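Take a look at the structure set out below.
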Amino acid sequence: MAKKSMIAREKKREALVAKYATKRAELKAIVNDQEKPMEERFRASLKLAKLPRNSSAVRLHNRCQLTGRPHAYYRKLKISRIALRDLGSAGQIPGMVKSSW
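Under the numbering used here, the first residue of the sequence shown carries the number 2, and numbering increases by one thereafter.
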């Protein structure tokens, strides 16, 4: 189980990313538009820099939905390999059989 503080921090980041997504996209569009004057693009980049750092989607890290583990994460299932093994052993995932020999 991951530390509660790390799980809470990641949830806070997800909320900030969702909150600032449209504003961030608008500012990035202005910055990347070569047709706009340089001054306007520079002002947009300064506004983009003033947004909270945790509002950037790059700072998000995938975590297991069950345990909060940050490593060995399966994107399709949104759980870690350890949680997948536990659920498979318990017979809670259809068609999955834990092999042992």
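Here a beta-carbon is modelled for each residue, glycine too, at the ideal position from N, C-alpha and C. Since the model is a prediction, treat every value here as computed from it, not as a measurement.
* Asked: Okay, do the region 43 to 58 and the region 17 to 31 touch, 3+ Cβ pairs below 8 Å being the bar?
  -> Result yes; three or more Cβ-Cβ pairs closer than 8 Å.
* To do: Indicate whether Leu-17 and Pro-71 have their beta-carbon atoms separated by less than 8 Å.
  => Working through the sequence shown from its first residue, we reach residue 17 at position 16. Working through the sequence shown from its first residue, we reach residue 71 at position 70. With respect to the 8 Å criterion, Leu-17 and Pro-71 are not classified as neighbours on the basis of their beta carbons.
* Beta-carbon proximity of Asn-55 to Arg-25, cut-off 8 Å -> The count along the sequence shown starts at 1 and reaches residue 55 at position 54. The count along the sequence shown starts at 1 and reaches residue 25 at position 24. Contact flag unset, no.
* For Ser-81: DSSP bridge partner residues -> Here residue 81 refers to the residue found at position 80 when the sequence shown is read from its first residue. Tyr-74.
* Mind checking which residues open and close the alpha helix (DSSP H) that includes Lys-20? => Position 19 of the sequence shown, counted from the start, is the residue given in the question as residue 20. Per DSSP, Lys-20 belongs to the alpha helix (DSSP H) from 5 to 33.
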